[in-house]
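Trainee: For the sequence shown, position 98 matches number 775 in my numbering, and the numbering has no gaps at all. This is the structure, below, for whatever I ask next.
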Amino acid sequence: MATVVLATLVSTTAPAAGVGNDNGNGASGPAIVRGPDDVLLPVVGTFAGSRVVSSTCGHEVVFEGGTAHEGPVDVVLDPGHGGPETGSVGANGLVERDLNLTVALRVEAALVEMGYSVVLTRRQDLHMPIRQRTRIVRALEPRAFVSIHHNGGAVRRSDTPGTEAFHQVDDADSRRLAGLLFEEVQAALSGYWVPWVRSYHQGASARLRPPRTDTYGVLRLTRGIPSAIVEGLYLSNPPEAQLIALPEVQEVEARGLATAIHRFLATNDPGSGFKDPFFDPHTTGTGTGRGCVDREYTAPVDVRTGFTAEEFASLEATARRMGRSVDWLVKFGVYTLRFLGDLPGATVPVPLTADERPDAYGPIGVAVEWDQAEQAALVRMAAAYGLTRTEVQKLGATLIVFLANLPAEPGPAAETPAGEEGD
678 MATVVLATLV
688 STTAPAAGVG
698 NDNGNGASGP
708 AIVRGPDDVL
718 LPVVGTFAGS
728 RVVSSTCGHE
738 VVFEGGTAHE
748 GPVDVVLDPG
758 HGGPETGSVG
768 ANGLVERDLN
778 LTVALRVEAA
788 LVEMGYSVVL
798 TRRQDLHMPI
808 RQRTRIVRAL
818 EPRAFVSIHH
828 NGGAVRRSDT
838 PGTEAFHQVD
848 DADSRRLAGL
858 LFEEVQAALS
868 GYWVPWVRSY
878 HQGASARLRP
888 PRTDTYGVLR
898 LTRGIPSAIV
908 EGLYLSNPPE
918 AQLIALPEVQ
928 EVEARGLATA
938 IHRFLATNDP
948 GSGFKDPFFD
958 PHTTGTGTGR
968 GCVDREYTAP
978 VDVRTGFTAE
988 EFASLEATAR
998 RMGRSVDWLV
1008 KFGVYTLRFL
1018 GDLPGATVPV
1028 PLTADERPDA
1038 YGPIGVAVEW
1048 DQAEQAALVR
1058 MAAAYGLTRT
1068 EVQKLGATLI
1078 VFLANLPAEP
1088 GPAAETPAGE
1098 EGD
């Protein structure tokens, strides 16, 4: 049995179909669930009876709790930045991360008054990578998506607010949304006079990187959904920072944003302030989620697998040669199964037959602890091979012992220098 199964695992005869990169549901169910503290967790799929979600940090984790999000969504609002990624910081100490959320909550309230259904990517201070934000958007499929920001860096004086909006390249709906956001937000803030600043990109435009794709990930990764980024004013300009610190001004800006979104959804108004697309691939490097640490959604679990005395002796000897523990080796075996399945041209895993299933109930038990992210890998592989978690641990362990004990290929024979024949 082991020889047949292991030969299948290491063969590379047909293209794999997303063994480790499946973003679709492995079974019917909700596209997104609300977890602790109302965080949104897109559902990756259900594998071996366990639900796998994309965590706040963008990691696959097992999570069985939460409540399914029900019903269609008109608008998703994304309060930009969060956690250690503060964004711009005003001279008055106002932090963009916090301001974006405050304004987004006000926009939500205004849109709900108008009768729209609204979801925020975050409702609290969270470290959340761009890819996770866009996973939420794609799972909800709203009629419009707006990422709310406040700018930094410009010093050129202006008679009008330096509002900027960015749209998806070559997308008419996204372009119209950006034009309306620019028009309404700049008009709302123009009711105040401060020494405004602006950059060359004041208006609505597309920022590109070669060959011709959107520089901003929140736009590039939400193609097919009308999306835009809005930068209301320059938080780095002290007079503007003082102005936007006032709650009544935050409300004015939020009402402008809500009006723009309403006009996009309810009218054919074109918007204004359009500029030609421009190439600028450079970004601040934020939004990657580097250093992001997830909360514990699911407690670690122990999975126990049984081995015969002979199997355990081989496993123990292999672990000793590798300088590792037996439980580490068992876990490494499961990850090796996934690695082999992800190789280009790898065979698509299929459920094993009754004769091929490993006997995982021998007299010598090995208990392996899996955290929430490791559990996701475990249940994915269990589902791929039609096994229980206990059995897939046994399959992975058998694979590692098999690979570790393959005979080494002999190296090239050493050549004897001419004139120096051996005795």
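Glycine residues also receive a C-beta, built at the ideal position from the N, C-alpha and C atoms.
Exposed or buried, which one is Glu973 when buried takes at least 16 other CB atoms within 10 Å?
Mentor: So Glu973 ends up on the exposed side.
Trainee: Whole angstroms is fine: what's the gap from Ala931's alpha carbon to Gly759's?
Mentor: Computed Cα separation, rounded: 19 Å.
Trainee: How is the alpha helix (DSSP H) around Ile1077 delimited, first residue to last?
Mentor: It spans Arg1066 to Ala1081 - the alpha helix (DSSP H) in which Ile1077 sits, taken as one unbroken run.
Trainee: Let me know the alpha helix (DSSP H) ranges lying completely inside the stretch 756-792, each 4 residues or longer, listed in chain order.
Mentor: Whole alpha helix (DSSP H) segments, 4+ residues: 773-790.
Trainee: Do Val832 and Val871 have their C-beta atoms within less than 8 Å of each other?
Mentor: No, the pair does not count as a contact, with Cβ atoms beyond the cut-off.
Trainee: Which residue wins for smallest C-alpha separation from Ser949, given the options Glu988, Gln863 and Arg820?
Mentor: The shortest Cα separation from Ser949 among Glu988, Gln863 and Arg820 belongs to Gln863.
Trainee: Closest by CA to Ala844, which one among Val1043, Thr798, Leu896 and Ala865?
Mentor: In the sequence as presented, Ala is not what sits at residue 844; that position holds His. Comparing Cα-Cα distances from His844 to each of Val1043, Thr798, Leu896 and Ala865, the minimum goes to Leu896.
Trainee: Asn702 to Tyr877, Cα distance in whole Å?
Mentor: Because Asn702 carries a pLDDT of 39, less than 50, the predicted location of this residue cannot be relied on, and no value is offered for it.
Trainee: Is the separation between the beta-carbon of Asp1048 and that of Cys734 shorter than 8 Å?
Mentor: No.
Trainee: Indicate the three-state DSSP secondary structure (helix, strand or coil) for Val1003 in the structure shown.
Mentor: Residue state, collapsed to three classes: helix.
Trainee: Going residue by residue through the stretch 866-951, where are the continuous beta strand (DSSP E) segments of at least 3 residues, counting only ones entirely within it?
Mentor: List check, beta strand (DSSP E) in window: 873-875, 880-882, 884-886 and 904-911.
Trainee: For Thr779, which residues of its own chain have a beta-carbon under 7 Å away from its beta-carbon, when the five flanking residues on both sides are left out?
Mentor: Around Thr779: Gln927.
Trainee: CB-CB under 7 Å to Ile1077, same chain, minus the five flanking residues each way: which ones, in chain order?
Mentor: Cβ neighbours of Ile1077 beyond the five flanking positions: Thr995, Leu1006, Phe1009, Gly1010 and Thr1013.
Trainee: Please report how far the alpha carbon of Phe989 lies from the alpha carbon of Val729, in whole angstroms.
Mentor: Straight-line Cα distance between these residues: approximately 31 Å.
Trainee: Do Ala881 and Ala708 have their C-beta atoms within less than 8 Å of each other?
Mentor: For Ala881 and Ala708, no; Cβs fall outside 8 Å.
Trainee: Going straight from the alpha carbon of His827 to that of Pro915, what length do you get?
Mentor: Each residue's Cα considered, the two are about 13 Å apart.
Trainee: From the DSSP output, in three-state form, read off Leu803 for me.
Mentor: DSSP places Leu803 in coil when its eight states are reduced to three.
Trainee: Ends of the alpha helix (DSSP H) at Leu1055?
Mentor: Where Leu1055 is concerned, the enclosing alpha helix (DSSP H) stretches over Gln1049 to Ala1061.
Trainee: Can you give the beta carbon distance from Val1056 to Val739, rounded, assuming they're within the 8 Å contact cut?
Mentor: Confirmed, Cβ separation roughly 6 Å.
Trainee: With C-beta atoms as the reference, is Gly829 less than 8 Å away from Phe951?
Mentor: It is not a contact, given that the beta carbons lie outside the stated cut-off.
Trainee: Would you please verify whether the beta carbon of Thr733 is less than 8 Å from any beta carbon of chain B?
Mentor: Structure shown: chain B not included; a single protein chain is present.
Trainee: Kindly indicate which residue of Asp714, Ser824, His736 and Gly706 has the alpha-carbon position closest to the one of Thr723.
Mentor: Thr723 has its Cα closest to that of Gly706, out of Asp714, Ser824, His736 and Gly706.
Trainee: So, at 7 Å on beta carbons, what are the nonlocal neighbours of Pro947 in its own chain, with the 5 sequence-adjacent residues on each side left out?
Mentor: Excluding positions up to five away in sequence, the list reads Arg853 and Gly856.
Trainee: Can at least three beta-carbon pairs, one atom from the stretch 748-766 and one from the stretch 790-808, be found at a separation below 8 Å?
Mentor: These segments touch.
Trainee: Per DSSP, Tyr1038 is paired with what?
Mentor: Paired residues: Gly983.
Trainee: Do the CB positions of Ala918 and Leu1080 come within less than 8 Å of each other?
Mentor: No; because the gap between Cβ atoms is not below 8 Å, this pair is not in contact.
Trainee: Between the Cα of Val1027 and those of Gly1063, Gly1000, Asp1036 and Tyr1038, spot the shortest distance and give me the residue it belongs to.
Mentor: Nearest of Gly1063, Gly1000, Asp1036 and Tyr1038 to Val1027, Cα basis: Gly1063.
Trainee: Return helix, strand or coil for Arg711, following the three-state DSSP convention.
Mentor: Of the three classes helix, strand and coil, the one that applies to Arg711 here is strand, per DSSP.
Trainee: Starting from the Cα of Ser867, find the closest Cα among Asp891, Asp836, Val980 and Leu858 and give me that residue.
Mentor: Selected option, being the one with the closest Cα: Asp836.
Trainee: Pick from Leu920, Val978 and Pro887: whose alpha carbon is nearest that of Glu1051?
Mentor: Nearest of Leu920, Val978 and Pro887 to Glu1051, Cα basis: Val978.
Trainee: Excluding the 5 residues preceding and the 5 following Gly1000 in the sequence, name in chain order all residues of the same chain whose CB lies nearer than 7 Å to its CB.
Mentor: Excluding positions up to five away in sequence, the list is empty.
Trainee: List the residues that DSSP assigns as beta-bridge partners of Thr723.
Mentor: Bridge partners of Thr723: Arg728.
Trainee: Going by DSSP, what residue range makes up the beta strand (DSSP E) through Leu797?
Mentor: Val795 to Leu797 is the extent of the beta strand (DSSP E) around Leu797.
Trainee: How many Å lie between Ser1002 and Glu993 at the Cα?
Mentor: Near 8 Å, if we compare the C-alpha coordinates of Glu993 and Ser1002.
Trainee: Note the first and the last residue of the continuous beta strand (DSSP E) segment covering His827.
Mentor: Taken as a continuous stretch (DSSP letters only), the beta strand (DSSP E) holding His827 covers Ala821 to Asn828.
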